[in-house]
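Please read the structure below before turning to the comments.
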Amino acid sequence: MNRNGVMEKEKKQKTYRQYILFKWSVLLILAAALLAAAVFAVHAGSSGISVWEVLKTLFGAGTKQTGSIVFGIRLPRVVTALIAGMALGMVGCVMQSILRNPLADASTLGVSQGAAFGATVAIICFGAGAQNTASAASAVNISNPYIVTLCAFIGGAVSTLIILGLSRFKKVSPQAMILAGVALSALFSGGTTLIQYFADDVQVAAVVFWTFGDLGRTNWTEILIIACVSAAACVYFMFNRWNYNAFESGGQTAKSLGVNVNAVTYAGMAICSLVASVVVAFVGIISFVGLLAPHIMRRFVGNDYRFLLPASALTGAVLLLAADTFGRLAVAPIILPIGAITSFLGAPMFLYLLFKGVGKA
Amino acid sequence: MIEIKNIAFGYRSKQILRNISFDMDEGHCIAVLGVNGAGKSTLIKCLNRINPVTAGAVMIENSNILRVQLNEAAKKIAYVAQKNEASRLTVYDAVLLGRKPYIKWDAAKKDREIVCRVIQQLGLQDYQMRFLDELSGGELQKVIVARALAQQPKLLLLDEPTSALDPKNQYEMLSLVQQIARQHRIAVVIVIHDINLALRYCDRFLFMKDAEIFSYGGIETMTAKRIEAVYHMPVAIEEYRGIKVMIPHPDQFLSPSAAV
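Residue numbers (our numbering), protein chains in the order written: chain C, 445 to 805; chain P, 67 to 326.
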């Protein structure tokens, strides 16, 4: 190769290096934005704690009063938003890859509604919720998180199996898959309504609040459960990031690249279903975060799952945290339901994708 | 030498492939010919384990590829599908995907070097940072072949690689494939409908008929009689500047109204 050729090659390689550096910088900016949003979310509220006091308290130099506000009230909420947002962003990203459907998300495929039905059954029928008459919002606390998680997973898994069956055996279009999700959502919402019909007033109030989505009810044990499940799923998904890249070329090509397509599909969907169910079991239905996050990030990092997965997780966390903070501050002291705010953000995006044409998304 | 032994495939009562056996030398291009539905695409999908065979073996370097792990098989056989999806991946990343069977956690220096070499060889340098969904059909097809080459296979399977290309790109593509096969000592199996392209660029010719091999051999087997027997169409084989060409005579079997 002549000198010009070598220089040209180096120039091209440098361009690719720059492109990869750009993707890393997107991740770094997202992480910085998330950190800033988290500190702001802990600071924002009626107690008037300054950002400096928040930081001092987080590093163990705060007063007893700021400590109880930060660690007892604000931090669990913020950490829940971070972890649930990351989990939902990741799940949406993986579902869109596996199902080759840009409209896929736990909420659009009925997985969240199935999980919500399962959790309602556990709380009201199996007595996994303990009565707490202090306030309507927290009228039922989850006393047995394991039963609730299990039931939510079973509910979510039923939806997942039906969607997978349609995808694998009937090869339905992305739009038809979403219609199946609508039918499943209606089915499970009907089931949840029936259970509410036979429950007492306090339980009904609690389940209604719970189906709106609420990040303020989780305790540290529940946060730990969501975090462990999400972290394990994150490791699994990251190990499979090259497989998801191969899926971009279609199932047959992925197989020819050495991907066990069936195993990756079934395991991926089962894990997505588990993660979405755990999130729904503890914070209620939060729609569209998993749809929005990957689509926003595709603009910046393309469909390269090495970067799209972590970027979607971080974006999911930023979105959920921002939505929750907005919900707390917009008409304070009333806290707007998080599920409604994410729906306001996500539904227009969903319509935009439909108008644009699913195949081009 | 690569040996295909007694491949059989079918759905329930319907037998799609029966007793398919042939061998091929490294560096040779083999054209798989036959009418629609003869089982040509099914055959290469069986060789590549996309379709599970009911019997048979694919022997490469003394190992039956149908019995090893998918990842190991992908190091020996690469496949270019008939329709390729243009996703939002850069050309470089798409070619890097060909190294997937070798990658444990992330691409090593060797993987990146191979990708650069293949990109250079196929002349993709100028658009290696473009996204696949911004490429023309011919450019995309080249990228897909580049990805297959990055797998460093012993056997390359191409399912109608020229079906979406204009005549110039068809000749360029097959010329490139022939050159690669010779240079890298790769056996290439090409499912193709254009007999003239096959005559020009392939070394061996496998005719399929009724789920079986009708004939297999070198250029001497490409006779008008044999082609007529497979396609039920009168043809003539002529020679132009040392290259055999097929000239169809459809007017001899079409009714006057259909010929209009």
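We treat Cβ as the ideally placed atom computed from N, Cα and C, and that holds for glycine. No experiment lies behind these values; they were computed from the predicted model shown.
Can you check whether the CB of Asn102/P is closer than 9 Å to the CB of Lys111/P?
-> no
How would you write the range of the alpha helix (DSSP H) that Ser541/C sits in, first residue to last?
-> 519–542
Just curious, the alpha helix (DSSP H) that Tyr168/P is in, first and last residue?
-> Neither: Tyr168/P is in no alpha helix (DSSP H) and is coded neither H nor E.
May I have the straight-line CA-CA distance separating Lys275/P from Ile261/P, to the nearest angstrom?
-> 16 Å
Residue interval of the alpha helix (DSSP H) (run including Asp225/P) = Run containing Asp225/P: none in the alpha helix (DSSP H); it sits in the beta strand (DSSP E), 221–225.
Do we get a CB-CB distance below 9 Å when we pair Trp686/C with the residues of chain P?
-> yes
Report all residues from its chain with a CB closer than 7 Å to the CB of Ala297/P; omit the five preceding and five following residues, and keep chain order.
-> Note that residue 297/P is Tyr in the sequence shown, not Ala. Excluding positions up to five away in sequence, the list reads Val101.
Quick one: does Asn130/P have its CB under 9 Å from some CB of chain C?
-> no
If we ignore side chains and look at the alpha-carbon of each, how far apart do Ala505/C and Trp496/C end up?
-> 11 Å
Can you give me the start and stop residues for the alpha helix (DSSP H) that Arg685/C sits inside?
-> 685–691
Is Gly122/P near Ile86/P, with beta carbons less than 9 Å apart?
-> yes
If we ignore side chains and look at the alpha-carbon of each, how far apart do Leu502/C and Phe770/C end up?
-> 22 Å
From Arg518/C to Gly536/C, what distance separates their C-alpha atoms?
-> 27 Å
Taking contact to mean at least 3 C-beta pairs separated by less than 8 Å, is the stretch 520–535 of chain C in contact with the stretch 751–760 of chain C?
-> yes
Helix, strand or coil: how does DSSP classify Ala214/P here?
-> helix
Start-to-end residues for the alpha helix (DSSP H) that takes in Val119/P | Note, Val119/P: premise wrong, no alpha helix (DSSP H); not H, not E.
Within chain C, the residues that Phe197/P reaches when beta carbons sit closer than 8 Å = Gly746
Following the continuous beta strand (DSSP E) through Ile256/P, name the residue where it begins and the one where it ends.
-> 253–257
Cβ pair Ala139/P, Arg115/P closer than 9 Å | yes
Partner residues on chain C for Leu265/P, Cβ-Cβ distance less than 8 Å = Per Cβ cutoff of 8 Å: no residues; Leu265/P is ~28 Å from chain C at best.
Do the stretch 143–150 of chain P and the stretch 205–219 of chain P touch if we need at least three Cβ pairs shorter than 8 Å?
-> yes
Under a CB-based cut-off of 9 Å, is Ala690/C close to chain P?
-> yes
Counting pairs of beta carbons, one from the stretch 625–642 of chain C and one from the stretch 546–562 of chain C, are three or more of them closer than 8 Å?
-> yes
Inspect the CB distances between the stretch 660–675 of chain C and the stretch 725–734 of chain C and report whether three or more fall short of 8 Å.
-> yes
From the DSSP output, which residues share a beta bridge with Glu278/P?
-> Lys275/P
Interface residues of the stretch 694–705 of chain C facing chain P [CB-CB below 8 Å] = Gly694, Gln696, Thr697, Lys699, Ser700, Leu701, Gly702, Val703, Asn704
Determine, using beta carbons only, whether Val514/C and Ala485/C come nearer to each other than 9 Å.
-> no
Determine whether the Cβ of Arg612/C lies closer than 9 Å to any Cβ atom of chain P.
-> no
Test item: CB-CB of Val257/P and Leu83/P under 9 Å = no
Go ahead and label Thr593/C buried or exposed: buried means 16 or more other beta carbons lie within 10 angstroms of its beta carbon, across all protein chains shown.
-> buried
Meets three-Cβ-pair contact criterion under 8 Å: the stretch 237–244 of chain P and the stretch 156–176 of chain P = no
Can you give the Cα-Cα distance for Pro227/P and Gly562/C, rounded to whole angstroms?
-> 50 Å
Please go through the same chain and pick out, in chain order, the residues whose beta-carbon is closer than 7 Å to the beta-carbon of Thr777/C, but skip the five residues on each side of it.
-> Checking the sequence, you will find Pro at residue 777/C rather than Thr. For Pro777/C, where only same-chain residues beyond five positions count, the Cβ hits under 7 Å are Ser490.
In angstroms, rounded to a whole number, what distance separates the CA positions of Gln194/P and Val745/C?
-> 16 Å
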